[in-house]
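First the structure, in the form of structure tokens, and then the observations on it.
Residue numbers (the numbering used here), protein chains in the order written: chain C, 4 to 302; chain G, 1256 to 1528; chain B, 13 to 373.
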């Protein structure tokens, strides 16, 4: 009976393998240098800025800055689709994770695994960034470096606020997350895009919406922004930038008439990591530049 | 033994059957004949218990079949439908065994296989046992289902005092001549062995050859019943079928029925009436 | 006899392998897959650590390394393996039942609306859970999604049954068509809700629809136990009924089968099984369609073999797929739906080309 023998063979192989496989765990480094698992692009950035990069053993896939992070370190995948055993397999002594990490069962398993698990509040705001920095600094024992970094960020945000007050007439800005099938998804209130737009002194025309929402051409016409902001994946993505202004709903907008389109790197712009004030400042500069036109900026 | 009393079946405004009463008796083969649309199949299905008539009732040994469970009914009668669409690769033996492995029969696998083989032998398909049913021709498939119905009757646990009925709807429809004769012979033997047989058949000559009783239907009504010689008369048939029919007596004394339009044309070469 | 003659001669003949051999082989395969699943994982901990792990469970030791072993073996891999087995068995058995009920080898458990109902409920929970739906959903915590998915599947099935039921009789044809229509409607409503989602919710949804066992936990295992028992009790009652139903409803009735009862048990079993599976693992396709096919290719269409065989084979398949899901890209994870499709589809194609579909040939 052909099939049965095949099953038997497969099963026996599996059995043998299972029973015979020796322990292949990574060398246990208890007591030695801390091993950090960083989950969240902004958290990884902060760790690098605090000079803690050598302690990081693995990151999640949103940790795109600095580029070395994903190149040098192992990746545990997308931060909302973690694997408990996968995370544990990198043998971390400390897990620093955005509060957006998931799925919830995996997070709870990691929290009860005996490894120290630190939740980082990831709400996008000017106060949030220095708080994050200080929190992470205290966790990894780099309080001084954290204090300095946080202070710098605060100072930068304060300067930014000053400059914001100087703005006589605020420009109307629209953030487009994506364009699919000719339909644009824009950033409403309660998004990191909205937060950074406001920090840059812009007026979010889509603030009446909540979250990232797809909108009709008619609504776009109503928005009539002066400037449109989009993301690109560092290195420049001309397509999206080009598409945005050609949307029918924007054709009559001041943005289209003055060709005012700004494209910035996604993590830089929205990550609310330590570069946040820089991103906001660049954005502000681009929005209010004299004779504003297409400006693609990369950090 | 199985009696339909005043069956009326209405579907919306259409009347399929109108006050039809038929009774079949153990040891006799009753043929149900008539033109298309006469309601023959409908009557058979009502008698099989497949659905309830709008009016009237069916009785098994005097008991209304509405109060008999499907499982108990299955021990007393089996049915061969006109066509069965089976799209799964059962073997012939497996299909016939479905007749024996009825839930509630309590028949063991081995006994079921034996019953099935007997039934297959009866319809002349013994060598087909391991073939997949999808590979068979229409006629062969029909015989398999007949075997299944036979198997069901022989495997059913039934006190010897109880008789069984076999209901068949056009079992010879897709069979070639040799098999038509063979199958009808098997069915006739079933009736000789004490089963009550109801046979819906459109071939009048076959009906004449094999039936003990004939029931003639048209437009949902019964227009004639009795022994073949009585029912098969030219006027009644011509009227029912709406064309001139001639009855001849064949070599062995049996009735042979011809639409006379054909024979007239053949003999005279003239236009028929 | 040339090989052609031999082929022609054997074409259309079916020699069924001994039932006992088939079940022994399948059981062996299942046990082996389960043991393998316990033995393999990204942390590299092997079965040799099992005695230590058990010692910790029983309270004999406090050693940190042993505690880690216990966590991985007993709190992560074991519930995951059990859940994978349940999901595989539930989906495969339901697939076999649906193929018998609809007399169609291409039927799939989703046809009675369970999957689309569960998906709709999941979409609503993920997207509206923090907005409009918060008061309802928040208190349920991490159980919100599974409970919603299960509830959605159940409601959809009941809706479907009420549409297809006429005078106490379930019309299978109506069931099929209504199922398709309702599925389309549920999909449309889902899409509407999705337009209100933000980027993160959209990603969560996409992941859920690819299926994953990474959220396995003992709570989920306990939650599915009643369903596993229900399936184990109900499915065997369907075998002969489904065999008879394959001939047609009227013929089944002639054979003494209570067709209405069979239909209802079939749908109830499927709804419970698929609802529970989707609730704990998200949408996992392919298993319900393909595993019964493979069983039929091995042992023929008799449901007395196909139903239990599918359960065992389905369980093994999903366990193996889960092993691949968590090892292929470690320390990251592949959604299991993708693994099943990537590996299973070519295998299935190969089977079809070699032996023909296990339905109409």
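All residues carry an ideal CB built from backbone N, CA and C; glycine is no exception.
Collapsed DSSP secondary structure at residue i in the structure displayed
i                       : result
residue 1492 of chain G : helix
residue 234 of chain C  : strand
residue 1499 of chain G : coil
residue 1336 of chain G : coil
residue 72 of chain B   : coil
residue 213 of chain C  : strand
residue 1314 of chain G : strand
residue 1472 of chain G : strand
residue 188 of chain C  : strand
residue 1446 of chain G : helix
residue 1466 of chain G : coil
residue 250 of chain C  : coil
residue 1300 of chain G : helix
residue 241 of chain B  : helix
Amino acids of chain B, ordered along the chain, whose beta-carbon sits closer than 9 Å to that of residue i
i                       : result
residue 1407 of chain G : 266, 267, 268
residue 108 of chain C  : 154, 226, 227, 228, 229, 231, 232
residue 1419 of chain G : None at all; the shortest Cβ gap to chain B is about 13 Å.
residue 1333 of chain G : 266, 267
residue 103 of chain C  : 212
Proximal residues of chain C, C-beta to C-beta of residue i below 9 Å
i                     : result
residue 40 of chain B : 10, 11, 14, 15, 18
residue 87 of chain B : 87, 112, 115, 116
Interface partners of residue i on chain G, CB under 7 Å
i                      : result
residue 263 of chain B : 1336, 1339
Proximal residues to residue i (C-beta, below 6 Å), its chain only, five neighbours per side dropped
i                       : result
residue 251 of chain B  : 315, 316, 319
residue 68 of chain C   : 48, 270
residue 255 of chain C  : none
residue 1262 of chain G : 1272, 1275, 1301, 1308, 1311
residue 251 of chain C  : 220
residue 63 of chain C   : 42, 79, 82
Beta-carbon neighbours of residue i, restricted to chain G and to distances below 9 Å
i                      : result
residue 61 of chain B  : Near residue 61 of chain B there are no residues of chain G at all, since even the closest Cβ is about 47 Å away, more than 9 Å.
residue 258 of chain B : 1341, 1342, 1343, 1345, 1353
Distance, residue j Cα to residue i Cα
i                       : j                       : result
residue 130 of chain B  : residue 101 of chain C  : 29 Å
residue 187 of chain C  : residue 177 of chain C  : 11 Å
residue 277 of chain C  : residue 69 of chain B   : 44 Å
residue 75 of chain B   : residue 117 of chain C  : 12 Å
residue 293 of chain B  : residue 1352 of chain G : 40 Å
residue 134 of chain C  : residue 153 of chain C  : 7 Å
residue 89 of chain C   : residue 247 of chain C  : 39 Å
residue 1440 of chain G : residue 1508 of chain G : 18 Å
residue 238 of chain B  : residue 296 of chain B  : 21 Å
residue 1488 of chain G : residue 1513 of chain G : 12 Å
residue 1402 of chain G : residue 1266 of chain G : 33 Å
residue 260 of chain B  : residue 1341 of chain G : 8 Å
residue 126 of chain B  : residue 192 of chain B  : 11 Å
residue 58 of chain B   : residue 51 of chain B   : 5 Å
residue 1233 of chain G : residue 1449 of chain G : No statement about residue 1233 of chain G is possible, as the shown extent of chain G runs from 1256 to 1528 and does not include it.
Whole-number beta carbon distance between residue j and residue i, since they are thought to touch under 8 Å
i                       : j                       : result
residue 1346 of chain G : residue 1386 of chain G : 7 Å
residue 1257 of chain G : residue 1288 of chain G : So it is not a contact: roughly 18 Å between Cβ atoms.
residue 275 of chain C  : residue 132 of chain C  : 6 Å
residue 71 of chain B   : residue 299 of chain B  : The pair is not a contact, with the Cβ atoms about 39 Å apart (cut-off 8 Å).
residue 285 of chain B  : residue 102 of chain B  : 4 Å
residue 214 of chain C  : residue 210 of chain B  : 4 Å
Interface partners of residue i on chain G, CB under 8 Å
i                      : result
residue 252 of chain B : 1356, 1357, 1358
residue 27 of chain B  : 1385
residue 117 of chain B : 1342, 1343
residue 365 of chain B : By Cβ distance, chain G contributes nothing, its closest Cβ being about 17 Å from residue 365 of chain B, past 8 Å.
8 Å Cβ cut-off: residues of chain C touching residue i
i                      : result
residue 313 of chain B : Within chain C, no residue comes near residue 313 of chain B; the closest Cβ sits about 16 Å away, beyond 8 Å.
residue 122 of chain B : Those within 8 Å of residue 122 of chain B in chain C number zero; the least Cβ separation is about 23 Å.
Amino acids of chain C, ordered along the chain, whose beta-carbon sits closer than 7 Å to that of residue i
i                     : result
residue 45 of chain B : 17
Beta-carbon contacts of residue i that lie in its chain and below 7 Å, excluding the five residues immediately before and after
i                      : result
residue 128 of chain C : 198
residue 87 of chain C  : 109, 112, 113
residue 216 of chain C : 188, 189, 191
Within chain B, the residues that residue i reaches when beta carbons sit closer than 7 Å
i                       : result
residue 1318 of chain G : Correct list: empty, because the minimum Cβ distance to chain B is about 16 Å.
residue 1326 of chain G : 268
Where residue i meets chain B, residues with beta-carbon distance less than 8 Å
i                     : result
residue 80 of chain C : 341, 343, 344, 345
Residues near residue i in its chain [Cβ-Cβ closer than 8 Å; skip 5 each side]
i                      : result
residue 103 of chain C : 43, 82, 83, 125
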